[in-house]
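Visitor: So that we are looking at the same thing, I have put the structure below in structure tokens.
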Amino acid sequence: MVHENVGYTAATSRGVSLTTSATANLYGSWAQIIAATVQTWELVHIQIGVNSAASRYRVDIGRGAAGQEYAIATGLVFCGENSAEGIGVQYTLPVHVPAGSRIAARVKGNTAAATNVRVSMTGYTRGPTKAPGYAVCECLNNGSMMGVVVDPGAVAHTKSSWVQVVASTNRQYRALMGVIGGNNDIARTTQSYQLFDIGIGTAGGESNILRDFPALAPLGPPETHIMQGFPPLPINIAQGSRLAVRAQGSNVTAGDRALDVTLYGLY
Amino acid sequence: MFIPGQANTLINPSALTVSGRGTLVTASATANTKGAWVLTASGPTYGGYTPDALMVCLSGASNSGGYLVDIGVASGAGSEYVIAADLCKTLYQANSAIVTYILPVRVPFLTSGGGIYARAQCTVGSSTIDVHTIPIHTGVDMGSGGRIVPFGVSGQSRGVTIDSGAVASTKSAWVQLAASSGDYPIQAMGVHVGSGADNNRSGTGWEWGIDIGIGAAASETVVIPNLVVGCNATVDFNEAQIVSFFPCSIPPSTRIAGRSQCPYVTAGDRVVDIITYALVGAL
Numbered sequence: 031m032v033h034e035n036v037g038y039t040a041a042t043s044r045g046v047s048l049t050t051s052a053t054a055n056l057y058g059s060w061a062q063i064i065a066a067t068v069q070t071w072e073l074v075h076i077q078i079g080v081n082s083a084a085s086r087y088r089v090d091i092g093r094g095a096a097g098q099e100y101a102i103a104t105g106l107v108f109c110g111e112n113s114a115e116g117i118g119v120q121y122t123l124p125v126h127v128p129a130g131s132r133i134a135a136r137v138k139g140n141t142a143a144a145t146n147v148r149v150s151m152t153g154y155t156r157g158p159t160k161a162p163g164y165a166v167c168e169c170l171n172n173g174s175m176m177g178v179v180v181d182p183g184a185v186a187h188t189k190s191s192w193v194q195v196v197a198s199t200n201r202q203y204r205a206l207m208g209v210i211g212g213n214n215d216i217a218r219t220t221q222s223y224q225l226f227d228i229g230i231g232t233a234g235g236e237s238n239i240l241r242d243f244p245a246l247a248p249l250g251p252p253e254t255h256i257m258q259g260f261p262p263l264p265i266n267i268a269q270g271s272r273l274a275v276r277a278q279g280s281n282v283t284a285g286d287r288a289l290d291v292t293l294y295g296l297y
Numbered sequence: 339m340f341i342p343g344q345a346n347t348l349i350n351p352s353a354l355t356v357s358g359r360g361t362l363v364t365a366s367a368t369a370n371t372k373g374a375w376v377l378t379a380s381g382p383t384y385g386g387y388t389p390d391a392l393m394v395c396l397s398g399a400s401n402s403g404g405y406l407v408d409i410g411v412a413s414g415a416g417s418e419y420v421i422a423a424d425l426c427k428t429l430y431q432a433n434s435a436i437v438t439y440i441l442p443v444r445v446p447f448l449t450s451g452g453g454i455y456a457r458a459q460c461t462v463g464s465s466t467i468d469v470h471t472i473p474i475h476t477g478v479d480m481g482s483g484g485r486i487v488p489f490g491v492s493g494q495s496r497g498v499t500i501d502s503g504a505v506a507s508t509k510s511a512w513v514q515l516a517a518s519s520g521d522y523p524i525q526a527m528g529v530h531v532g533s534g535a536d537n538n539r540s541g542t543g544w545e546w547g548i549d550i551g552i553g554a555a556a557s558e559t560v561v562i563p564n565l566v567v568g569c570n571a572t573v574d575f576n577e578a579q580i581v582s583f584f585p586c587s588i589p590p591s592t593r594i595a596g597r598s599q600c601p602y603v604t605a606g607d608r609v610v611d612i613i614t615y616a617l618v619g620a621l
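In the order they appear, the protein sequences are chains A and B.
Start counting the first sequence at 31; every next residue gets the next number (the numbering used here).
Start counting the second sequence at 339; every next residue gets the next number (the numbering used here).
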């Protein structure tokens, strides 16, 4: 067997229910996904969906005994602001999970009421590379429910100023992943084609590490469900690095042109 | 491994900064027939290293319908050969995002002045689509395989239709995507799930659990389990926004099939269409 599907309930066609805290922006309790994995995983495909209320969500995946969970993936974004029934998002992460691990997950949302999402996942005994999985996929800007808001500005097709994502990385990362969300804009009137740069360096001295990654801010609902980004890419990020982002877009309508960016480091 | 400061920035050579879009590729005037090859990238060279993965982003479709895009490489125009065939994007409502394929294939010729090319077909002749091709040199042997081969392509520039059936949350019968996988073993598979051309679903919060299986009819074994996709009231279907590849080990000449389940049973609304993409051996 090279795969192990956990958390999926065939009788409902859905994953394990995670409930947010009744306080906005605070994680709810950990919910067990599986008591013990059978295989050692090097790749995890995580599926998040069916939110019970309109909200921006962040999901952590952890392992360890109940009450002693530690996160192996933090702040996974689920853009569910536009309707009570979200359409889901998927993450494929090259993360190592030893056989016998208890897997749990928790969620936070930006509404001041307990709401829920569903999570299931499939572990694979090897990843897309022959290398073992990373230990952790760590969100670099999990302090806010939204990512860093990037406004391409009033001049079409011209890169904006750099916007800082993290002032100083806590550690060295071996790979970088990004998610581009809809900035909670549920009334966008003009579709926008956008190109994003990710930069590294001091303010005013940024150099590109990823240039012109495409994103699309579509017209009409579901502006916020649409989630785009780039997968874990093997980019060496030294400890103490400042990371920033900038964008250009075809839409110059104020209020409609901004998207939000969340970055993740893997180590 | 990209190391910042060593002039190996990961760039998108297909991006047109004057429009914020990718390279425009026009389908043949004949529906469901591939158009001409278009150069999408002629670099970067990454210091002489051959890229071992390729990101392909499809967006900006000009008409509603199904789109299939081939990605080719060549030392020059006129000698293209396909390294990834029939990458699908469906557009049955205006609300559609970019679909990104993460392809674990080597991309030859870039280091010697060659390029990456794309060609497209659509259910509506002469439709256009934006194509971004972003070569990646990972340095970690991401692309041990040679090309991406589709299984389950229908005549309507999308996948084979699968109906989850009239019994809620119960797997449908298996539907064959390919009688034989061909001459090469398969090292990894990705899945594109489309709307089944349904742009008028009645329900909200629908979720499908999709299996990909291999083996003779009635003896299928699941290789990709319970892949979850969904829709809501305003988006009749949300095709997977990032198509990743999952490891598997499938011998040559293997039958491939798919099936699905859904908690809702409204006839006509419960269909999806599926294409699987296989990473097969060296060129």
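Yeah, the Cβ is synthetic: ideal placement off N, Cα and C, and Gly gets one too.
Could you name each continuous beta strand (DSSP E) segment of 3 residues or more that falls completely within the region 50-90 of chain A, going from the start of the chain to the end?
Guide: DSSP runs (the beta strand (DSSP E)) wholly in the region 50-90 of chain A: 61-64, 73-79.
Visitor: Taking only three categories from DSSP, how would you classify serine 222 of chain A?
Guide: If DSSP states are grouped into helix, strand and coil, serine 222 of chain A belongs with the strands.
Visitor: So, for isoleucine 210 of chain A: in the same chain, excluding its five sequence neighbours on each side, which residues have a beta-carbon less than 6 angstroms away from its beta-carbon?
Guide: Excluding positions up to five away in sequence, the list reads Ala245, Gln258, Gly259, Leu289, Val291.
Visitor: In terms of residue numbering, what span does the beta strand (DSSP E) encompassing phenylalanine 489 of chain B cover?
Guide: First-last of the beta strand (DSSP E) with phenylalanine 489 of chain B: 485-489.
Visitor: Counting contacts by CB-CB distance shorter than 8 angstroms, is glutamate 545 of chain B in contact with chain A?
Guide: Yes, because at least one Cβ of chain A sits closer than 8 angstroms to the Cβ of glutamate 545 of chain B.
Visitor: Across which residues does DSSP place glutamate 34 of chain A in a beta bridge pair?
Guide: A/Gly153, per the DSSP bridge assignment.
Visitor: In the structure shown, what three-state DSSP assignment does serine 413 of chain B receive?
Guide: Here serine 413 of chain B sits in coil by DSSP.
Visitor: Going straight from the alpha carbon of alanine 40 of chain A to that of glutamate 545 of chain B, what length do you get?
Guide: Computed Cα separation, rounded: 11 angstroms.
Visitor: Which partner residues of tryptophan 544 of chain B appear in the DSSP bridge assignment?
Guide: Beta-bridge pairing links tryptophan 544 of chain B to B/Cys569.
Visitor: Interface residues of chain A around arginine 359 of chain B at Cβ under 7 angstroms?
Guide: Within chain A, the residues near arginine 359 of chain B are Tyr223.
Visitor: In this structure, does DSSP put threonine 466 of chain B in helix, strand or coil?
Guide: Threonine 466 of chain B falls in the strand class under three-state DSSP.
Visitor: Helix, strand or coil, according to DSSP, for serine 397 of chain B in the structure here?
Guide: Looking at serine 397 of chain B - three-state DSSP - the assignment turns out to be strand.
Visitor: Taking the CB atoms as reference points, tell me whether methionine 527 of chain B and phenylalanine 447 of chain B lie closer together than 8 angstroms.
Guide: Not a contact, by the Cβ cut-off of 8 angstroms.
Visitor: State the Cα-Cα distance for the pair serine 85 of chain A and proline 264 of chain A, rounded to the nearest angstrom.
Guide: Each residue's Cα considered, the two are about 32 angstroms apart.
Visitor: Cβ closer than 8 angstroms: which chain A residues qualify as neighbours of threonine 355 of chain B?
Guide: Per Cβ cutoff of 8 angstroms: His187, Leu225, Asp242, Gln278.
Visitor: Going along chain A in order, which residues have a C-beta closer than 9 angstroms to the C-beta of cysteine 600 of chain B?
Guide: Ser43, listed in chain order.
Visitor: Let me know the secondary structure DSSP gives serine 191 of chain A once reduced to three states.
Guide: Coil.
Visitor: Please compile the residues from chain A whose C-beta is within a distance smaller than 8 angstroms of the C-beta of leucine 348 of chain B.
Guide: Within 8 angstroms Cβ-Cβ: Ile239, Leu240, Arg241, Leu263, Ile265.
Visitor: Report the residue from A/Cys167, A/Gln77, A/Ile64, A/Leu240 whose alpha carbon sits nearest the alpha carbon of glycine 105 of chain A.
Guide: Checked all of A/Cys167, A/Gln77, A/Ile64, A/Leu240; the closest Cα to glycine 105 of chain A is A/Cys167.
Visitor: So if I threshold CB-CB distances at 9 angstroms, which residues from the region 153-168 of chain A count as touching chain B?
Guide: So the close ones are Tyr154, Thr155, Arg156, Gly157, Pro158, Thr159, Lys160, Ala161.
Visitor: Quick one: list the residues of chain A neighbouring histidine 470 of chain B, beta-carbon separation under 7 angstroms, in chain order.
Guide: In chain order: Pro244.
Visitor: Applying the 10 Å Cβ sphere with the 16-neighbour rule, what's the burial state of alanine 98 of chain A?
Guide: According to the sequence shown, residue 98 of chain A is glutamine rather than alanine. Its Cβ having fewer than 16 others within 10 Å, glutamine 98 of chain A is exposed.
Visitor: Any C-beta of chain A sitting closer than 8 angstroms to the C-beta of alanine 435 of chain B?
Guide: Alanine 435 of chain B counts as touching chain A.
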